[in-house]
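**Student:** Following this message is one structure expressed as C-alpha cells.
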Amino acid sequence: MKLAKSALAGLLSLALVMDLAGCAPENGSGNADSLDTQTETEDFQKNMHQIDLHSNVPSFVETDTGYYFYFAGLHYIDKADLRATIVCGKPDCDHTNPETCNAKLGAHYLLKGGDRIQYITIDFENGKGIKAVRSVKTDGTERKLEQELKFQEYSVDDSSYDYAIYHRGCVYYASDYILYRVVSGGEKDDAEVVWQPEKIPETEMLDGFPIADPNEMSYTLWADGAFLYFMVNLPYEDGVYRDTLFQVDLQNLSTKQVWVTPGEDEVGEWETTGVSVSRWYVKDGFLYFYLSGGDFWRGDLTTGQNEKLADTHEKTQYGSAIFSDDYLCLLNDVPVAFYGDPTVVPGGFLRSYGDTIFVYSLDGQFVREISLKGLYEDPNATAKMVLVCCSGKDIFFTTTGYTVLENTYGYPGQTGNEGVTNLCHADIDTGVVSVVCRLK
C-alpha cells in the first residue's frame, strides 16, 4: 500500500537526527570519478526555475542573447529589444497543429539552453511513466530524443511531476521518492541513486491501475556549485510539518540536513507560520528566503543561524516573490486562501490585487518600487499576476483576466474561466512596465 504523507514523512524524518554520509554507498554508487562535476561549466539556472509547474505560467531558460520560454509553444525573447517570436520558422503556419508546427514540442517544461534547447516530456503508457529529455535546435528544427530517465512503473506521486534540473553535465530528478542523477545523454539504467528514504512505499493498485494519493510528498530540487539541495516537508515532535532543506555533496553523495523553516518565536508571524517558507534561493552557502506576510531573511547553511535582511512586511500584507543572484522581487499580491470580499474589487475572489513590485538587493537594501496599476485599467484583461523570473534588470510576470458578471445577489463575480493571459516585463533600472506578448 502506498503510504500517506504522514507515514512517509515519518520515514524521511529519520534523516533529521543523523548525518547520512555513511549511507552514501548504500543509497548510491558514490562513484564521482564517472561524473566530471567540477570541470563542467554549465550550472543550474537557478533564477529560471522558481515557478510552480501547476501555475500555468511559462517555463524559461536563458542564453547569452535572449530568453526561450515555453507556453503552448516555444518562444524566444531578444534581450536587445524584448521582441518575442514563436520559434517555428514556417511562414504559413498558424501554430495550432502540433503535428506540423515546429514550436509545438509537447514540453512539460524547459530544462536548459545552449545551441540546442532541452526540455522535459512526461507521458504515461499502460500505467508506466516515461519521463524523457528531448532537444530542438534554436530555430525549432531537428527534434531529438536525448535520453529517457529511469522512472518508476506506476508512478503516481507528486515527485514524478517535480522539476528535473540540469547541473554540470548531469540531470537530477525524482521518481517515487527516489532522487536520481544521470549523465546528460546517458542511458537511463546508468542513473545513480542520490538519496532515498530507508523504505520505499508500495503503490496501491485498484483493478490493475495505480491510485493517486493526494497527500504524496514531493521534492524541490536545487543546485549550487558542488552541492545539490532538496527541500521536503517533514513532521516534527510537535506534530507540525516544516520545510526542511538537505545538502548533497556531489562528489561522494553524502547528505545532511542544513536548514529547517524557523518558528514564530525566531522570525515572527507570517502567512504559513512555522510550516512553509514562501520562496527561497541558495547562493554561496547561504539560503535567502522570503516569508509571505513576513520578512526577507538569510540563513547560514554552515551554522544554521538566520539573519533578517529587510522588513518587507512593512510594504505588503502577504505577497509572493522571485529571486535572482542580485535581487529579491516582491509582488504585493494576495494568496488564494486570503482572497477577500468580492465586492472590494470588480473581478471577484480570483483577483490577486497585486499592483506593485518591490525590489531589494540580495543584501537587503531597498532598490525601488515598480507600479503595475496601469495594467488593471480593464478588469477583464487583468485579474491576477504571477511573477515568473528575474535576470539582470529584467523581471518577467504574467497577467490573466476574468470576465466580470453580476450574480443573483447583485455582487460582482466571474465566469470561472481564465481570459487573456499576457507575458509582461518590468525594467528594474527604469521602472518601465510593458506587455511583451499575448500568451493566450
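Residue numbers for the sequence shown follow our numbering, so the first one is 65 and each next one is one higher.
Note that the Cβ used here is the ideal one computed from N, Cα and C, for glycine as well.
Since this is a predicted model, take the numbers as computed values, not measurements.
1. If you follow the alpha helix (DSSP H) that Val151 is part of, which residue opens it and which one closes it?
2. For Phe350, I'd like the list of residues in its chain whose CB is within less than 7 angstroms of its CB, leaving aside the five on either flank, ordered along the chain.
3. Considering just the uninterrupted stretch of the alpha helix (DSSP H) at Val331, what are its terminal residues?
4. Between Thr336, Phe310 and Tyr236, which lies nearest to Tyr354 when the distance is taken from Cα to Cα?
5. Is DSSP giving Val81 helix, strand or coil here?
6. Could you check where the beta strand (DSSP E) with Gln311 kicks off and where it finishes?
7. What residues match up with Tyr354 in a beta bridge as DSSP calls it?
8. What distance in whole Å lies between the Cβ atoms of Ile434 and Val499, which are believed to be in contact at a cut-off of 8 angstroms?
9. Please look up how many angstroms separate the CB atoms of Glu210 and Arg198, rounded, as I've assumed it's under 8 angstroms.
10. Any chance the stretch 176-185 sits against the stretch 155-167, with 3 or more Cβ pairs inside 8 angstroms?
11. Can you grab the Cα-Cα spacing for the pair Val450 / Gly418, in whole Å?
12. By Cβ distance below 7 angstroms, which residues in the same chain neighbour Asp493 in space, the five residues on each side in sequence not counted?
13. Consult DSSP for His489 and reduce its assignment to one of helix, strand or coil.
14. Just checking my contact of Gly130 with Ile141 at CB under 8 angstroms: how many whole Å lie between their CB atoms?
15. Could you have a look at Asn166 and say whether DSSP puts it in helix, strand or coil?
16. Given Phe135, which residues of its chain have a CB within under 6 angstroms of its CB, disregarding the five upstream and five downstream residues?
17. Determine the DSSP secondary structure at Asp288, reduced to helix, strand or coil.
18. In this structure, what does DSSP give as the bridge partners for Leu209?
19. Who does Cys157 pair with in a DSSP beta bridge?
20. Enumerate in chain order the residues of its own chain whose CB-to-CB distance from Gly338 is below 7 angstroms, with the five nearest sequence positions on each side excluded.
21. Can you name the start and end residues of the beta strand (DSSP E) that Asp419 belongs to?
22. What does the Cβ neighbour count give for Lys208, buried or exposed, with the cut at 16 atoms within 10 Å?
23. Could you tell me the distance, in whole angstroms, from the CA atom of Ala238 to the CA atom of Ala287?
24. At the level of alpha carbons, what is the spacing between Thr485 and Phe124?
25. Between the beta-carbon of Asp389 and the beta-carbon of Asn120, is there less than 8 angstroms?
26. His231 bridges to which residues according to DSSP?
27. Could you check which residue in Leu487, Gly495 and Asp491 has the C-alpha nearest to that of Ala148?
28. For Lys195, collect the residues of the same chain with a Cβ closer than 6 angstroms to its Cβ; drop the 5 residues on either side in sequence, then sort them by chain order.
29. Count the other C-beta atoms from every protein chain shown that fall within 10 angstroms of the C-beta of Ser318, then say buried if there are 16 or more, exposed otherwise.
30. Can you grab the Cα-Cα spacing for the pair Ala171 / His113, in whole Å?
**Tutor:** Answer, in terms of the structure:
1. Note, Val151: premise wrong, no alpha helix (DSSP H); not H, not E.
2. Arg362, Gly363, Asp364 and Leu365
3. Glu328 to Val331
4. Thr336
5. In this prediction, Val81 has a pLDDT of 36, which is less than 50 and means its spatial position is unreliable; nothing more can be read from the coordinates.
6. Tyr305 to Asp313
7. Arg343 and Phe360
8. So it is not a contact: roughly 14 angstroms between Cβ atoms.
9. 6 angstroms
10. no
11. 9 angstroms
12. Lys457
13. strand
14. 5 angstroms
15. coil
16. Pro122 and Leu503
17. strand
18. Arg198
19. None, per the DSSP bridge assignment.
20. Val304, Arg306, Thr325, Gly327 and Glu328
21. Careful: Asp419 lies outside any beta strand (DSSP E) and carries neither H nor E.
22. exposed
23. 14 angstroms
24. 16 angstroms
25. no
26. Cys234
27. Leu487
28. Ile186, Leu213 and Phe215
29. buried
30. 15 angstroms
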